[in-house]
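Let me begin by presenting the structure, written as structure tokens, before commenting on it.
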Amino acid sequence: MTGRERILAAINHKEPDKIPVDCGSMRSSGISGMSYNKLKEYLNIKDGNTKIYDVMQQLSIPEDWYLDRFGIDAIDLSRIFSDTPEDWREWELPDNTKALLPTWLNITEENNQWVCRDDDGEMLAHMPEGVAYFSQNYWPLAGVEKTDFSDLDVYMRKNAWAYLTDPLWKESQRPDFFPLLKEKARELNQKTDRAVVMGFGGNLFENGQFLYRTDEFLVNLLIDTENMEKMLDRLLEMHLETLEKVLDSISDSVDIIMFGDDLGTQSAPMIDPQLYKKMFYPRHKKMFQMVKDRTDLKVFLHSCGSIQAFLPDLIDAGLDIINPVQTTADGMDPYELKKEFGKDLVFWGGGVDTQHLLPTGTPEEIRKDVRKNAEILMKDGGFVFSQIHNIVTGVPPENIIAMYDEVNGINY
5 MTGRERILAA INHKEPDKIP VDCGSMRSSG ISGMSYNKLK EYLNIKDGNT
55 KIYDVMQQLS IPEDWYLDRF GIDAIDLSRI FSDTPEDWRE WELPDNTKAL
105 LPTWLNITEE NNQWVCRDDD GEMLAHMPEG VAYFSQNYWP LAGVEKTDFS
155 DLDVYMRKNA WAYLTDPLWK ESQRPDFFPL LKEKARELNQ KTDRAVVMGF
205 GGNLFENGQF LYRTDEFLVN LLIDTENMEK MLDRLLEMHL ETLEKVLDSI
255 SDSVDIIMFG DDLGTQSAPM IDPQLYKKMF YPRHKKMFQM VKDRTDLKVF
305 LHSCGSIQAF LPDLIDAGLD IINPVQTTAD GMDPYELKKE FGKDLVFWGG
355 GVDTQHLLPT GTPEEIRKDV RKNAEILMKD GGFVFSQIHN IVTGVPPENI
405 IAMYDEVNGI NY
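Right, here's the structure in full:
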């Protein structure tokens, strides 16, 4: 089977020849630039470049050697928008290893830290000395009493997560963006036999946090519900307008479209499931239904943490694939998830604990965890292996290799 065939079999709940594997097909299944460089050094790979395509999380684009060496079956559409040398400049990561940084972002060094400023000079995010990722430090609607959201797009442009965008969305202001998207998606589809994933986003709950700051937004959902509904309606309107054009551009070239909305903490849902049902479920359903009505694409949602309580509503809304399957969070036991939701959902992730085990365990412990989780989740298809969230800075190369060697040795 090709990578694409393997992924398509799994997401259609059929057993492929082996477990399909992902790293870097979306911005929560990737590898940090520093860990990537350490791995290249360990394997004595001297060619190529470490392109930091997700600056907030300091993620690198997996190069062809990585995809081939570790049997990766899915890739991010954004990689085909990153092949112009003018888009990159030399940079040094916090561990003094070399990388390339996007030129389309205004990132400078100020007072012993890296900062990102928008065109107005507002500092949207920063990475202090000794820290391995950027953090948002400007919330455009924090403390603002607002009842009219017709100009929400202006505030969205000052959201650090939206501004620090990937190579694909950097082109979104071009008048010919959607014809370009169609052309590039077809080009990548024809060049690769791996499944192609497009990160759309469509965040609702998270964008409320990015606009207001998490604490203020959570309070507003309870005490200023009417205006938060107005904001979410305007946000949904913006998402649907873009989504319609995206779907028309990619439907014959892309296999999976990814949405994002982190709904869980380590120990519990982030909001009451009834509040989700009232405020977010109907809006998720409208986006997911647009995908179903217009294409044959599978709907993929990234949502961290303890989210078991939301899964019935998400399935009803049209969700096909859930990631990262944070089995270390409360209520996220892989056996129970597979038993209760395995017929309706594809589990994309859950392969190994990245928070504790992958950085500090032994290769043998990694292999054991990989096999345990895989043997639970792979039955009857419906499973794509990825570590739980990104491979963070500090993961030993030996553990990365052990992870992939183990999963690639498991056959149906």
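Residues 5 to 416, numbered by our numbering, are exactly what the sequence shown covers, in order. Where a beta carbon is used, it is the ideal one built from N, C-alpha and C, also for glycine. All figures in this text were calculated on a predicted structure; none of them were measured in a lab.
Collapsed DSSP secondary structure at residue i in the structure displayed
i: G7; result: helix
i: P273; result: strand
i: F345; result: helix
i: D3; result: This structure gives no information on residue 3, because the portion of the chain shown stretches from 5 to 416.
i: F351; result: strand
i: L184; result: helix
i: A78; result: strand
i: H306; result: strand
i: L63; result: strand
i: N163; result: coil
i: V399; result: coil
i: V388; result: strand
i: I311; result: coil
i: N327; result: strand
i: N412; result: helix
i: D373; result: helix
i: D58; result: strand
i: R73; result: helix
i: T366; result: coil
i: F284; result: coil
Cut-off 6 angstroms between Cβ atoms - residues of its own chain near residue i, not counting five sequence neighbours on either side
i: L301; result: I261, V295
i: K22; result: N415
i: E67; result: G52
i: R121; result: N110, M127
i: T331; result: P338, G354
i: L47; result: none
i: D34; result: Strictly speaking, residue 34 in this sequence is Gly, with Asp absent from that position. For G34, where only same-chain residues beyond five positions count, the Cβ hits under 6 angstroms are G28, L63, N394.
Close Cβ partners of residue i (< 8 angstroms) along its chain, the five nearest in sequence each way excluded
i: E90; result: T107
i: V356; result: L362, I370, D373, V374, N377, Q391, I392, M407
i: Q359; result: T332, I392, H393
Same chain, Cβ closer than 7 angstroms to residue i, neighbours up to 5 away in sequence not counted
i: P277; result: A313, F314
i: I84; result: K188, E191, L192
i: I65; result: G28, K55, Y57, R83, S86
i: T112; result: V119
i: H17; result: D384, G385, G386
i: N220; result: A quick correction: the sequence has Glu, not Asn, at residue 220. Excluding positions up to five away in sequence, the list reads A146.
i: L43; result: P401, I404
i: P144; result: Y159, K162, N163, L215
i: D72; result: none
i: I49; result: W69
i: P367; result: E402, N403, A406
i: Y142; result: E126, M127, L128, K162, A164
Reference residue i, options the options, closest by Cα
i: R238; options: L222, F263, N224, G212; result: G212
i: G268; options: E248, N327, E19, D228; result: N327
i: G365; options: I404, M382, E114, Q330; result: I404
i: L222; options: Y280, L63, G354, M38; result: Y280
i: F387; options: L244, E402, S176, A13; result: A13
i: L305; options: T299, R298, P338, F292; result: F292
i: V4; options: K18, I325, F263, G125; result: No information on residue 4 is available, as it lies outside the stretch 5 to 416 that the chain covers here.
i: R161; options: G147, E149, S176, V148; result: S176
i: D266; options: G205, V399, I35, E133; result: G205
i: G37; options: I395, T196, A164, Q270; result: I395
i: A199; options: E9, S271, N412; result: E9
i: L251; options: E230, L185, I15, T196; result: L185
i: T196; options: D259, G335, M274, L105; result: D259
Cβ-heavy atom distance, residue i to the ligand PLP, below 7 angstroms
i: P171; result: The ligand PLP is absent from the structure shown, which contains no ligands of any kind.
What are the uninterrupted segments assigned as beta strand (DSSP E) that are 3 or more residues long and contained completely in the stretch 83-157, given in chain order? Every unbroken stretch of the beta strand (DSSP E) spanning 3 or more residues and falling wholly within the stretch 83-157 is given here in chain order: 92-96, 102-106, 111-114, 117-121, 127-132.
Counting only runs of 4+ residues fully inside the stretch 194-277, write out the alpha helix (DSSP H) ranges in chain order. Assignment of alpha helix (DSSP H) within the stretch 194-277, counting only whole runs of 4 or more residues, yields 209-216, 218-227, 229-254 in chain order.
If we count Cβ pairs, one from each stretch, closer than 8 angstroms, do we get three or more for the stretch 150-157 versus the stretch 234-252? Segments in contact, yes.
Between the stretch 198-211 and the stretch 96-116, do three or more beta carbon pairs fall short of 8 angstroms? No: fewer than three Cβ pairs fall under 8 angstroms.
Between the stretch 333-352 and the stretch 277-288, do at least 3 Cβ pairs fall closer than 8 angstroms? Contact fails: fewer than three Cβ-Cβ distances are below 8 angstroms.
Would you be able to state if there are at least three C-beta pairs under 8 angstroms between the stretch 167-181 and the stretch 121-133? Segments in contact, yes.
Complete alpha helix (DSSP H) runs within the stretch 9-51 (minimum length 4 residues, chain order): Counting only runs of 4 or more, we get 37-46.
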